[in-house]
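K.L.:
Sharing a structure with you now.
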Amino acid sequence: DSGVTQTPKHLITATGQRVTLRCSPRSGDLSVYWYQQSLDQGLQFLIQYYNGEERAKGNILERFSAQQFPDLHSELNLSSLELGDSALYFCASSARSGVDTQYFGPGTRLTVL
Amino acid sequence: AQKITQTQPGMFVQEKEAVTLDCTYDTSDPSYGLFWYKQPSSGEMIFLIYQGSYDQQNATEGRYSLNFQKARKSANLVISASQLGDSAMYFCAMREGFFNAGNMLTFGGGTRLMVKP
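Each protein sequence line maps, in turn, to chains A and B. For the first sequence, the residue numbers in our numbering are 1 to 113. For the second sequence, the residue numbers in our numbering are 1001 to 1117.
So this is what it looks like as structure tokens:
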């Protein structure tokens, strides 16, 4: 158990819908990262937050957004969902935003029908 | 160009034998870190081992060791005494820059390891 929690574990929804994925980092960790794992794209970095502020952006679609709250939990919002958004979404956390190892949560498997 | 390359899509190893999973990387940043993660069929990503670009010695963590050859830009994972529970996908990843604004990981395509009894 990495100490990173993600809810829900599974999510099935329809095209055009909006969903919110939630992540709680390890106790004391300030940085949260979101990654997407799909069959065709592999594991890709989406976005990073550090102590409430956006720190880096990767291949994140405009339909996707995220935020980190004062209690350091983070939410990833996916809207106008398409079939191609079906993937495993991971949250990871690290103590700071430098040399520390990122520990991953169990992931949320999103299926868009 | 691919930043992280794992050339072995799948591998078999006999239980109790050692196995090496290959990883080559490409970066012009002198400061970087290399990671290996394990993903069992259940889906979670488990951190195994880390090697920093300035580390003088190869990293070891229990049965895992990292064969770091900086000049060749390779960071191969060695698993000694394979166990059935080692059957999983293994990902090599790199973080470039220690103090950049972003410290995202770039992942390779993974190697599926299957341990035979």
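All C-beta atoms, glycine included, are put in the ideal place defined by N, C-alpha and C.
1) From the DSSP output, in three-state form, read off G1010(B) for me.
2) Tell me, to the nearest whole angstrom, how far the beta carbon of K1003(B) is from that of Y1037(B); I am working on the premise that it is less than 8 Å.
3) With a CB to CB cut of under 6 Å and the five nearest residues on each side skipped, what residues in its chain are close to A95(A)?
4) Taking 7 Å as the limit between beta carbons, can you name the residues of its chain near S1087(B), skipping five residues before and five after?
5) With DSSP run on the structure shown, which of helix, strand or coil describes G1085(B)?
6) Is it right to say S74(A) is buried, meaning 16 or more other beta carbons lie within 10 angstroms of its own, or is it exposed?
7) Specify whether the region 1027–1036 of chain B and the region 1090–1097 of chain B touch according to this definition: at least 3 beta carbon pairs, one from each stretch, less than 8 Å apart.
8) Any beta-carbon of chain B closer than 8 Å to the one on A56(A)?
9) Would you kindly work out how many angstroms separate the C-alpha atoms of C1092(B) and N1076(B), rounded to a whole number?
10) Taking only beta-carbon positions, decide if Y1054(B) is within less than 8 Å of chain A.
11) What does L1105(B) reach in chain A if we use C-beta pairs closer than 7 Å?
P.N.:
Put simply:
1) Judged by DSSP in its simplified three-state form, G1010(B) adopts strand.
2) About 16 Å; that fails the 8 Å criterion.
3) Excluding positions up to five away in sequence, the list reads D29.
4) L1113, M1114 and V1115
5) If DSSP states are grouped into helix, strand and coil, G1085(B) belongs with the helices.
6) buried
7) With the cut-off at 8 Å, the region 1027–1036 of chain B and the region 1090–1097 of chain B touch.
8) yes
9) 9 Å
10) no
11) Neighbours of L1105(B) on chain A, chain order: F45 and Q102.
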